[in-house]
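Down below is the structure, laid out as structure tokens.
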Amino acid sequence: MTYYSGFVLAVPTANKQKFIDHARESWPVFKKRGAIRMIENWGEDVPRGKQTDFYRATNCKDDETPLFSWIEWPDRETADKAFAAMAEDFDPDEMPEMPFDGARMFWGGFTPVVDES
């Protein structure tokens with residue numbers, strides 16, 4: 024069953040192109056480990072909530088933009104193996120430098136429960 028790794032992060036708005044470049048350069052790392060596709064979404068219409076929102080969840084600063092991203096995998100096993108392999112044989116030259124504060128990024132794995140077209 025298809026499996027998704029979801030990510031939420033804040034990127035300095037001035038680093039938008041750097042982030043796009045980073046994402047494009049990162050894709051081969053995931054693809055060679057079995058990812059089907061990667062979607063990076065730049066916040067455009069992200070309202071502030073009364074209790075919580077993307078800004079609070081990432082401690083997004085005034086000069087930053089929230090992002091929501093995901094990687095699609097054929098199944099959880101492939102995703103788990105990919106992340107384990109990246110942790111085990113991580114090559115810093117394989118991944119470009121992150122143009123954002125990775126400490127404020129959060130992520131998780133998800134199984135679809137509804138998938139309509």
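Using my numbering, the first residue of the sequence shown is number 24, and each one after it goes up by one. The beta carbon of each residue, even a glycine, is placed where N, CA and C say it ideally should be.
Query - Helix, strand or coil at alanine 58 according to DSSP, with G and I counted as helix - result: Correct three-state label for alanine 58: coil.
Query raised in the report: Would phenylalanine 190 be called buried (16 or more neighbouring beta carbons within 10 Å of its own) or exposed?
Result: Residue 190 falls outside the range modelled here, since the chain spans only 24 to 140, and no answer is possible.
Report task. Note the first and the last residue of the continuous alpha helix (DSSP H) segment covering phenylalanine 106. Result -> Where phenylalanine 106 is concerned, the enclosing alpha helix (DSSP H) stretches over 99-111.
Query raised in the report: With 16 other CB atoms within 10 Å as the buried threshold, where does isoleucine 94 fall?
Result: Counting Cβ neighbours within 10 Å, isoleucine 94 comes out buried, since at least 16 surround it.
Report task. In angstroms with no decimal places, state the Cα-to-Cα distance between arginine 79 and isoleucine 43. Result -> Cα to Cα, the separation comes out at about 23 Å.
Report task. Report the three-state DSSP secondary structure of proline 35 (helix, strand or coil). Result -> Proline 35 falls in the strand class under three-state DSSP.
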